[in-house]
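Residue numbers (my numbering): 56 to 189.
Ideal Cβ positions, reconstructed from N, Cα and C, are used throughout, including at glycine.
1) Using 8 Å as the threshold, is the stretch 160-168 in touch with the stretch 69-80, meaning 3 or more CB pairs across them?
2) Between residue 29 and residue 97, what straight-line distance do the alpha-carbon atoms span, to the nearest angstrom?
3) Measuring straight from C-alpha to C-alpha, what distance separates residue 63 and residue 94?
4) So, under 8 Å CB-CB, residue 149 and residue 82 are touching, yes? Tell me the CB distance rounded to an integer number of Å.
5) So what's residue 183 in DSSP terms, helix, strand or just coil?
Now the structure itself:
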């Protein structure tokens, strides 16, 4: 299987996961079938100076899972559009997360539509914070 992790520095399986997917400087891809490791810069390959662009950086990769600490709804949607399942990390360590994945210790990250939830208002959407303001 091919796993992708947001990282700062490559230290192979000993690498620590970067805390936020979209702004990670690079991505570590590990193919567990042959232990091959690839590092992909988090940018648009056609315009690398335009800043972070995980969709462009990872689109076209053949990934089985993206394992993250923190990720926003838009990034989850983009990864799902690429055909990738996104899982919440159970540890800061790449190696530990690979073990957890094998033992079904990681859960898939759902799209929460967070832009609709937790607002202190009610409206046409019917979403609110759930308490009364007096």
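Once the coordinates are examined:
1) no
2) No statement about residue 29 is possible, as the shown extent of the chain runs from 56 to 189 and does not include it.
3) 10 Å
4) 11 Å between Cβ atoms; not a contact.
5) Here the model assigns residue 183 a pLDDT of 42, short of 50, so the residue's position is not dependable, and the following value carries that caveat. Reduced to three states, the DSSP call for residue 183 is coil.
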